[in-house]
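Worksheet: the structure to be examined is printed underneath.
Number of protein chains: 2
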Amino acid sequence: MNYKDHRSIRSFLPKEIDANVLSELLTIGTRASNTGNFQSYCVIVTQEAAMKERLAPYHFNQPMVTQAPVLLTFCVDYNRLEVWSAARHADCGHLNLMGFYNATLDTMLFAQNVAVAAEEHGLGYCFLGTVLYNLEGIISTLALPRGVMPVLTMALGYPAEKPPMRIRLPLEAIVHYERYTPFTPERIAELYHNLETAPFYQEQVRKAGCENLAQLIMEQQYSRATYEKLSAELTRILQKQGFTL
Amino acid sequence: MNYKDHRSIRSFLPKEIDANVLSELLTIGTRASNTGNFQSYCVIVTQEAAMKERLAPYHFNQPMVTQAPVLLTFCVDYNRLEVWSAARHADCGHLNLMGFYNATLDTMLFAQNVAVAAEEHGLGYCFLGTVLYNLEGIISTLALPRGVMPVLTMALGYPAEKPPMRIRLPLEAIVHYERYTPFTPERIAELYHNLETAPFYQEQVRKAGCENLAQLIMEQQYSRATYEKLSAELTRILQKQGFTL
Numbered sequence: 074m075n076y077k078d079h080r081s082i083r084s085f086l087p088k089e090i091d092a093n094v095l096s097e098l099l100t101i102g103t104r105a106s107n108t109g110n111f112q113s114y115c116v117i118v119t120q121e122a123a124m125k126e127r128l129a130p131y132h133f134n135q136p137m138v139t140q141a142p143v144l145l146t147f148c149v150d151y152n153r154l155e156v157w158s159a160a161r162h163a164d165c166g167h168l169n170l171m172g173f174y175n176a177t178l179d180t181m182l183f184a185q186n187v188a189v190a191a192e193e194h195g196l197g198y199c200f201l202g203t204v205l206y207n208l209e210g211i212i213s214t215l216a217l218p219r220g221v222m223p224v225l226t227m228a229l230g231y232p233a234e235k236p237p238m239r240i241r242l243p244l245e246a247i248v249h250y251e252r253y254t255p256f257t258p259e260r261i262a263e264l265y266h267n268l269e270t271a272p273f274y275q276e277q278v279r280k281a282g283c284e285n286l287a288q289l290i291m292e293q294q295y296s297r298a299t300y301e302k303l304s305a306e307l308t309r310i311l312q313k314q315g316f317t318l
Numbered sequence: 074m075n076y077k078d079h080r081s082i083r084s085f086l087p088k089e090i091d092a093n094v095l096s097e098l099l100t101i102g103t104r105a106s107n108t109g110n111f112q113s114y115c116v117i118v119t120q121e122a123a124m125k126e127r128l129a130p131y132h133f134n135q136p137m138v139t140q141a142p143v144l145l146t147f148c149v150d151y152n153r154l155e156v157w158s159a160a161r162h163a164d165c166g167h168l169n170l171m172g173f174y175n176a177t178l179d180t181m182l183f184a185q186n187v188a189v190a191a192e193e194h195g196l197g198y199c200f201l202g203t204v205l206y207n208l209e210g211i212i213s214t215l216a217l218p219r220g221v222m223p224v225l226t227m228a229l230g231y232p233a234e235k236p237p238m239r240i241r242l243p244l245e246a247i248v249h250y251e252r253y254t255p256f257t258p259e260r261i262a263e264l265y266h267n268l269e270t271a272p273f274y275q276e277q278v279r280k281a282g283c284e285n286l287a288q289l290i291m292e293q294q295y296s297r298a299t300y301e302k303l304s305a306e307l308t309r310i311l312q313k314q315g316f317t318l
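Structural data, given as structure tokens:
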């Protein structure tokens, strides 16, 4: 299994990850491109069982959180850059929306390079978007100071499953040549046909009692009410961590 | 050259990228993890010389922009998801900070997977952070409608150079075990020693007439004034593209 046929792994063998392997994956992560080579990110490694137990509720108690030998929480880090700048009599003016956003880009390039390297080493992972649902608890548990914001957690370990690959939209739904070409409802129906008729999704829609997949995703799983609440919370926590918005 | 010893390539051979190769890279990109499998991203492919000329000033006329056979502008895309949702009588409530931010994470995982695949195919690339400096011009040139925000551009082609790898911070500056451990100025001095004494950076500091590397990066290259201006601009353009903040 590698990055070309990636599946998210949610069940792991009870096998530790060698410290040298973990270091190698993280080193490869740092080889990803980053803005100005100032590496405005960090990663918190969770290996202690007690820490996994404390983090679990913030990831909605998904079993993989305590089962995975390693959790990696990728963070924007301007704390280190503020200490460096202060020691060098430089003004670090990045604790604002642009600083947070741009550092997020670099953090994600770093994270995906780790992900690719992990699969090459026979490991599997699942990214946990739940970080953004419970920022405050994760910040407190990992003792993240001013300037540090958790972005995404990876549950990492040796796979105990090999699930089928998820279906994706055809490339025509994603790629535009020269200019963005808006979609008509008819074209959307063609492009979404395979996704909407896939048994995996039809079963989910049926179970949820929705009319269709769009309603399942947009109204039940990732609803306006949730996104508006999380938007307000992201704003509040950014300010708490020292970012001026 | 591959993702483990990545160098940014800024000079390209005058050799086109085969359409099948480009499609394969982008398909691999879509295999990256994404939130809820709703793929809230798109990519605009620039191949026409006239379009490169129009985009060039927004990337500060870096020569690679017109020289690269292909530019890929990775975007958050909620336009397609709004058309889909409307056609399915679903309420898409993601045009807010959380929607934009979360879609950005998925856009970057997609982009880095394309990057890894590109290097595996013998291609080279440079990510252009200049997108965030000139959002309005890029949006206009690429005809990006409501719900679409450009995030990062990649200049892609066959390498005409093989620059040395950039030095990175030691892993101890990036990785924390169990909890974030704040840095003392003494520890920072140790961790930054190799970077600060590297001839490449010493030469840059000397040329810029700065006292040290932190001042060069934080006060000249990525200054508070620039970041505050770009923060305000990002807020303004998000609203213009339909996001409620």
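Each protein sequence line maps, in turn, to chains A and B.
Add 73 to the 1-based position in the first sequence for the numbering used here, that's all there is to it.
Add 73 to the 1-based position in the second sequence for the numbering used here, that's all there is to it.
Ideal Cβ placement from N, Cα and C applies to all residues, glycine included.
If you're wondering where the values come from, they're calculated on a predicted model, not measured in any experiment.
Among the options, the one whose alpha carbon lies nearest that of residue i
i               : options                        : result
T319 of chain B : B:Y231, B:N107, B:E121, B:L244 : Within the shown structure, residues of chain B are numbered from 74 to 318, placing residue 319 of chain B beyond reach of any answer.
E89 of chain B  : B:L229, B:L311, B:Y300         : B:L229
S296 of chain B : A:L168, A:A129, A:N93          : A:L168
K77 of chain B  : A:H194, A:E292, A:R104, A:L86  : A:R104
R153 of chain A : A:C165, A:V143, A:A184         : A:C165
T308 of chain B : B:P237, B:F173, B:N186         : B:F173
L201 of chain A : A:A188, A:H194, A:E193         : A:A188
Y206 of chain B : B:A122, B:T226, B:N175, B:R219 : B:T226
V138 of chain A : A:Y265, A:F147, A:M124         : A:M124
H132 of chain B : B:Q120, B:A184, B:I211         : B:I211
N75 of chain B  : A:E193, A:T119, A:S158         : A:E193
A320 of chain A : B:K313, B:Q294, B:A287, B:G315 : The structure shown does not extend to residue 320 of chain A, since chain A spans only 74 to 318, so no value can be given for it.
Y265 of chain A : B:F111, B:E97, B:Y250, B:L95   : B:F111
Y231 of chain A : A:P243, A:N267, A:A191, A:V221 : A:A191
E144 of chain A : A:H79, A:E209, A:A129          : Contrary to the premise, residue 144 of chain A reads as Leu rather than Glu in this sequence. If we check each option's Cα against that of L144 of chain A, A:A129 comes out closest.
P236 of chain A : A:P87, A:C199, A:N267          : A:C199
H79 of chain A  : B:Q312, B:P87, B:F183          : B:F183
Alpha-carbon spacing of residue i relative to residue j, whole angstroms
i               : j               : result
G83 of chain B  : V224 of chain A : Checking the displayed sequence, the identity of residue 83 of chain B turns out to be Arg instead of Gly. Computed Cα separation, rounded: 30 Å.
T203 of chain B : P272 of chain A : 43 Å
G102 of chain A : A246 of chain A : 30 Å
P113 of chain A : P258 of chain B : Position check: residue 113 of chain A holds Ser in this sequence, whereas Pro was assumed. Rounded to the nearest angstrom, the two C-alpha atoms are 17 Å apart.
V49 of chain B  : E284 of chain A : The requested residue 49 of chain B does not occur in the structure, where chain B is confined to residues 74 to 318.
F256 of chain B : E126 of chain B : 46 Å
A92 of chain A  : K302 of chain A : 39 Å
E263 of chain A : E155 of chain B : 16 Å
G109 of chain A : I290 of chain B : 7 Å
R252 of chain B : E234 of chain A : 30 Å
V278 of chain A : A305 of chain B : 41 Å
L196 of chain A : V248 of chain B : 19 Å
C115 of chain B : L215 of chain B : 12 Å
Q135 of chain B : T177 of chain B : 25 Å
R260 of chain B : S81 of chain A  : 37 Å
E276 of chain A : S213 of chain B : 41 Å
Y300 of chain B : L318 of chain B : 19 Å
L217 of chain A : A298 of chain A : 28 Å
I310 of chain A : R219 of chain A : 11 Å
E269 of chain A : R241 of chain A : 11 Å
L98 of chain B  : Q185 of chain B : 11 Å
F85 of chain B  : E121 of chain B : 16 Å
F316 of chain A : H162 of chain B : 38 Å
Q140 of chain B : T119 of chain A : 45 Å
K280 of chain B : M238 of chain B : 21 Å
Q293 of chain A : G282 of chain A : 10 Å
N267 of chain B : L208 of chain B : 36 Å
I358 of chain B : V221 of chain A : An answer regarding residue 358 of chain B cannot be provided, because it is not within the stretch 74 to 318 covered by chain B.
W45 of chain A  : Y151 of chain A : Residue coverage of chain A in this structure runs from 74 to 318, which leaves residue 45 of chain A outside it and unanswerable.
T100 of chain B : Q314 of chain B : 27 Å
Q312 of chain A : S96 of chain A  : 32 Å
P142 of chain B : V94 of chain A  : 37 Å
K244 of chain A : T254 of chain B : Sequence check: residue 244 of chain A is Leu here, not Lys. Cα to Cα, L244 of chain A sits roughly 44 Å from T254 of chain B.
Using a Cβ-Cβ cut-off of less than 9 Å, give me the residues of the segment 298–314 of chain B that come near chain A, in sequence order.
A298, T299, Y300, E301, K302, L303, S304, A305, E306, L307, T308
Using a beta-carbon distance cut-off of less than 9 Å, what residues from the segment 280–295 of chain B approach chain A?
C283, E284, N285, L286, A287, Q288, L289, I290, M291, E292, Q294, Y295
Scan the segment 197–222 of chain A for residues whose Cβ lies nearer than 7 Å to a Cβ of chain B and list them as they occur along the chain.
F200, G202, L205, L215, A216, L217, P218, V221
Going along the segment 79–94 of chain B in order, which residues come within less than 7 Å of chain A, judged by CB to CB distance?
H79, S81
Short-range partners of chain B found in the segment 169–200 of chain A, where Cβ spacing is below 8 Å
N169, L170, M171, G172, Y174, N175, T177, L178, M181, L182, A184, Q185, N186, A188, V189, A190, C199, F200
Report the residue ranges of all beta strand (DSSP E) runs contained in full by the segment 96–175 of chain A; include only those spanning at least 3 residues, in chain order.
114–119, 143–150
Can you pull out the residues from the segment 107–136 of chain A whose beta carbon lies closer than 8 Å to at least one beta carbon of chain B?
T108, G109, N110, F111, Q112, Y114, C115, V116, I117, V118, T119, Q120, E121, M124
Ordered list of beta strand (DSSP E) runs contained in the segment 197–277 of chain B, each at least 3 residues:
If we require 3 residues or more, the beta strand (DSSP E) runs fully inside the segment 197–277 of chain B come out as 197–201, 221–230, 248–250.
Compile a chain-ordered list of the residues in the segment 151–162 of chain B whose CB is closer than 9 Å to at least one CB of chain A.
Within the segment 151–162 of chain B, the residues whose Cβ lies closer than 9 Å to some Cβ of chain A are N152, R153, L154, V156, W157, S158, A159, A160, R161, H162, listed in chain order.
Where the segment 229–246 of chain B meets chain A: residues whose CB sits under 7 Å from a CB there
R239, R241, L242, L244, A246
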